[in-house]
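Protein chains in written order, with the UniProt record's numbering: chain A, 1 to 356; chain B, 1 to 356.
Take a look at the structure:
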């Protein structure tokens, strides 16, 4: 592939292979800030999904939001688990606290509904595998909501890497800092290890982790991690984490995440014959700025922004409608949890932890 | 400090405190590519040093270079060690293979000559400490040649950090890749562990290591490292290294270095209230591009380039002439070797290694 061709049609949906009609009717389970501010508008802006139900513990608040987004049904959690009103939706988007993903995803699968589940898939490998099994047993599609995998700048980066534009990847640097308490109170479930399964690593570190795995198209063989907390609201979780991954190709990834630092993110890959640097890849609104160096050639590209959340829901809807297997499937979500569990073990033991 | 003031006079030599006359007469010991292409022109362009002697094992080649740079004396290594022609210089710049730094630096100190010694100071902590002791015993100035410490963009970064422009530093990413065999044959001493003391970590990793220590103004308390070699010309040393440092402030630094990847370097500091990213800080010709985010403010600055090697020699000359202690002193060089030894131990044992 010539570099210039890649930039010609940077945001094209390479995953669309056929024309499909209809939409997937979605129940959005859990109406937190991300669901309201990003997911519901993203679904509304897209083509292959529509929100037909909100599942919530706060029916009054949900009814206001339902009005705003023209959603017909508001369902309580108990009714949802019981399968009441299941005829109003074809699939669910689970956006509840991490430790409840299994409960809702498995209930949905048992009612024959396809599942798009927020990352991390659950709080442990075992619990995540229960989701995978339930979806498999019930013959429904399971996608882990890694929005970065439908982000054009990340998809193009994977293509560059696959096509050898930067040679063999040698070293990756990835970081994601997001000052949690600027956007949430200290009682947020993200700071409760039982509900969240961990701290900055689980919530933010999973972005450089998953994106690096996706771009390199392989899983880490070992991890080392250092976690740190200054106490206070962060007393029970990792406020900051630095971790280093080894891949079977020999590449390493040096990653960081922080709940309590200036909002910023970065991803840079250095290969034997070039490098790729993406500006602010993880913050949710990606500027599509990418620098690609290949041999003597250097290209800086700033693409038209896309709504990656809209891309994500449309990708899920397209997969459900066509019966395609989503790339960020359940196994993908489990692989990250395996790395996360190993990273926490490493932080505890101060040793490199090998992964199967 | 207001950010805009810092950019007003970005390249000023803040280390010049008084007017001094005269120059330091330098013997350049070891005439490799860096000495010829960067050091001799840098000294010639500067104000406080002049090259009066070349010390070499290849007198014919040295005479050509001496002619080119108008250097009066060419001295053989044996004669140099014996102190012959010591009256022709006041100080030495040692740019020989790493494991010979001690031999020449100590000989110079014993002849009462000040020493500017290339990094790493030697191949082990013990050998480096012998240099420190010899210079101390003989009352001569010792500077480790960390050119980055006289690089304006790095000095300004340290000032920003000191002044709290980005709050407390939380996480650093630093990397330096330089394809060695594009510039040297496979028989280069840099690939001989006895002469070099190690591979990419020693030769390149020392840049993000030292620069991070300098900017944070403290020493690491622990290190973890992974090294890798694909064999061939790199069989005996680390071709690639990824290492993670912990600092007493709680900050971490995620660093990489490679002898066999696309030429690139980066340094990024994320703090509680901002971030600083320097483009291509380590490659020797620094574009003076820096992005500083402080709270809501973002500044991108591209300064006039300076010759950082000229800065380095002038800084050394100024210190010798005024009797000032150079900041990159012998202890600074020893501290890096301590971290490097611990990193190699970590790579061997697959464990975090604590530093005293």
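For glycine and all other residues, C-beta sits at the position ideal for the given N, C-alpha and C. On a predicted model such as this, the values are computed, not experimentally measured, just so you know.
Cβ pair residue i, residue j closer than 8 Å
i, j, result
"residue 191(B)", "residue 237(B)", "yes"
"residue 245(A)", "residue 340(A)", "no"
"residue 145(A)", "residue 122(A)", "no"
"residue 90(B)", "residue 111(B)", "no"
"residue 157(A)", "residue 276(A)", "yes"
"residue 207(B)", "residue 282(B)", "yes"
"residue 258(A)", "residue 241(B)", "no"
"residue 53(B)", "residue 310(B)", "no"
"residue 251(A)", "residue 209(A)", "no"
"residue 280(B)", "residue 286(B)", "yes"
"residue 165(A)", "residue 3(A)", "yes"
"residue 160(A)", "residue 291(A)", "no"
"residue 243(A)", "residue 225(A)", "yes"
"residue 86(B)", "residue 55(B)", "no"
"residue 223(A)", "residue 346(A)", "yes"
For residue i, the nearest candidate out of the options (CA to CA)
i, options, result
"residue 354(B)", "334(B), 219(B), 46(B)", "219(B)"
"residue 81(A)", "99(A), 108(A), 88(A), 6(A)", "108(A)"
"residue 196(A)", "101(A), 249(A), 325(A)", "101(A)"
"residue 198(A)", "12(A), 97(A), 42(A), 303(A)", "97(A)"
"residue 10(A)", "63(A), 53(A), 167(A), 154(A)", "154(A)"
"residue 139(A)", "338(A), 324(A), 347(A)", "324(A)"
"residue 49(A)", "33(A), 24(A), 331(A)", "24(A)"
"residue 35(A)", "233(A), 131(A), 92(A), 317(A)", "92(A)"
"residue 262(A)", "179(B), 103(B), 167(B)", "167(B)"
"residue 136(B)", "346(B), 343(B), 331(B)", "331(B)"
"residue 19(B)", "66(B), 47(B), 131(B), 231(B)", "47(B)"
"residue 231(B)", "222(B), 260(B), 278(B), 204(B)", "260(B)"
"residue 322(A)", "22(A), 5(A), 306(A)", "22(A)"
"residue 13(A)", "227(A), 298(A), 319(A), 204(A)", "319(A)"
"residue 127(B)", "345(B), 334(B), 344(B), 327(B)", "334(B)"
"residue 5(B)", "193(B), 272(B), 163(B)", "163(B)"
"residue 42(B)", "316(B), 204(B), 345(B)", "316(B)"
Local conformation of residue i per DSSP, three classes
i, result
"residue 10(B)", "coil"
"residue 121(B)", "coil"
"residue 266(A)", "strand"
"residue 273(A)", "coil"
"residue 80(B)", "helix"
"residue 422(B)", "An answer regarding residue 422(B) cannot be provided, because it is not within the stretch 1 to 356 covered by chain B."
"residue 286(A)", "coil"
"residue 246(B)", "strand"
"residue 72(A)", "coil"
"residue 310(B)", "helix"
"residue 357(B)", "Nothing in the structure corresponds to residue 357(B), since chain B is present only between 1 and 356."
"residue 294(B)", "strand"
"residue 259(A)", "coil"
"residue 65(B)", "helix"
"residue 278(A)", "strand"
"residue 358(B)", "In the structure displayed, chain B extends from 1 to 356; residue 358(B) sits before or after that span and is not available."
"residue 299(B)", "strand"
Residue burial classification, residue i (beta-carbon count within 10 angstroms, cutoff 16)
i, result
"residue 149(B)", "buried"
"residue 264(B)", "buried"
"residue 349(B)", "exposed"
"residue 17(A)", "exposed"
"residue 58(A)", "exposed"
"residue 274(A)", "buried"
"residue 357(A)", "Since the first and last residues shown for chain A are 1 and 356, residue 357(A) lies out of range."
"residue 336(B)", "buried"
"residue 213(A)", "buried"
"residue 143(B)", "buried"
"residue 120(A)", "buried"
"residue 185(A)", "exposed"
"residue 305(B)", "exposed"
"residue 178(B)", "buried"
"residue 151(A)", "buried"
"residue 67(A)", "exposed"
"residue 105(A)", "buried"
"residue 60(B)", "exposed"
Cβ-heavy atom distance, residue i to the ligand PLP, below 7 Å
i, result
"residue 272(A)", "Only the bare structure without any ligand can be found here, which leaves the ligand PLP out of the picture."
ask   = In chain order, what residues of the segment 265-290 of chain B put their CB closer than 9 Å to some CB of chain A?
value = 266, 268, 270, 271, 272, 273, 274, 275, 277
message = Residues of the segment 11-32 of chain B in Cβ contact with chain A at a cutoff of 9 Å, in chain order, please.
response = none
ask   = Got a sec: which bits of the segment 334-356 of chain B sit with their beta carbon under 7 Å from any beta carbon on chain A, in order along the chain?
value = 350, 351, 352
ask   = Mind listing which residues of the segment 180-206 of chain A have their C-beta closer than 9 Å to chain B's C-betas, in chain order?
value = none
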